[in-house]
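Here the structure is laid out as structure tokens; the discussion comes afterwards.
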Amino acid sequence: MSYRGPMITIDRLAPSDRDTWEQLFRGYIDFYGRTEPDAMYERSWAAFQEDTRLHALGARLDGRLVGITHFFIHPSTSGPDLCYLQDLFTAPEARGKGVARALIEAVRVWAEEQGCCRLYWMTHETNATARRLYDQVADNRGFIRYQIELPGPR
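Mind the numbering: the sequence shown is residues 1 to 154 in the UniProt record's numbering, read in order.
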């Protein structure tokens, strides 16, 4: 007897993924206790479809979109460009099946192909589930994040 686990595929988001992508992205935003206006989802989706400044990949489990990641390249003052993985979210029913790991690996490969010298991301210290995976696939360098809120576009 043989067993074949779920098939995970990673690729760019297609226009037909729009509704499922938004459900997943709203799940991510909810997880961090934020609310965002509908215009933010529209703006982000348009940028991901353009695929020039902001990039997105989707993970499909047996053909169904169950995970997303958003990322971008930025310059570094001390070396080649860096790739920042800004958002990563998987549907609750897909967790523990390798989806997030596959998304991180796909971004790693993409960033390497773009000539980046580093892929990095942040998560909240209380996100124990994600941190178990992150501790397996990356180094925690111990940096603490500070931020100042600004009014945004005028």
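Glycine residues also receive a C-beta, built at the ideal position from the N, C-alpha and C atoms.
Quiz item: Is the stretch 52-62 close to the stretch 119-127, with three or more CB pairs under 8 Å?
Solution: no
Quiz item: Excluding five sequence neighbours on each side, which residues of the same chain lie with their C-beta closer than 6 Å to the C-beta of D81?
Solution: I73, P75 and C116
Quiz item: Unbroken alpha helix (DSSP H) runs of length 4 or more, entirely within the UniProt domain "N-acetyltransferase" (8-154): which are they?
Solution: 18-31, 38-50, 99-113 and 128-137
Quiz prompt | Nearest candidate by alpha-carbon position, reference A46, set F31, G67 and D17 | solution = D17
Practice problem: Quick one: using the 10 Å Cβ neighbour count with 16 as the cut-off for buried, is Y134 buried or exposed? | Solution: buried
Self-check item: Spatial neighbours of P6 in its chain, beta-carbon cut-off 6 Å, leaving aside the 5 residues before and after
Solution: L61, D62 and K97
Quiz item: Are there 16 or more other CB atoms within 10 angstroms of the CB of D139, so buried, or fewer, so exposed?
Solution: exposed
Quiz prompt | Buried versus exposed, by CB contacts within 10 Å (16 or more), G33 | solution = exposed
Quiz prompt | Cβ neighbour criterion (16 or more within 10 Å) applied to T35 | solution = exposed
Quiz item: Can you list, in chain order, the residues of its chain whose CB lies under 7 Å from that of R108, leaving out five sequence neighbours each side?
Solution: L119
Practice problem: Quick one: residues in its chain with C-beta nearer than 6 Å to the C-beta of I29, no 5 flanking neighbours on either side, listed in chain order? | Solution: E36
Exercise. Report all residues from its chain with a CB closer than 6 Å to the CB of L24; omit the five preceding and five following residues, and keep chain order.
Key: I68 and F89
Quiz item: Ordered along the chain, which non-local residues of its own chain (more than five positions away) have a Cβ less than 6 Å from that of G121?
Solution: Checking the sequence, you will find Trp at residue 121 rather than Gly. Hits under 6 Å: L85.
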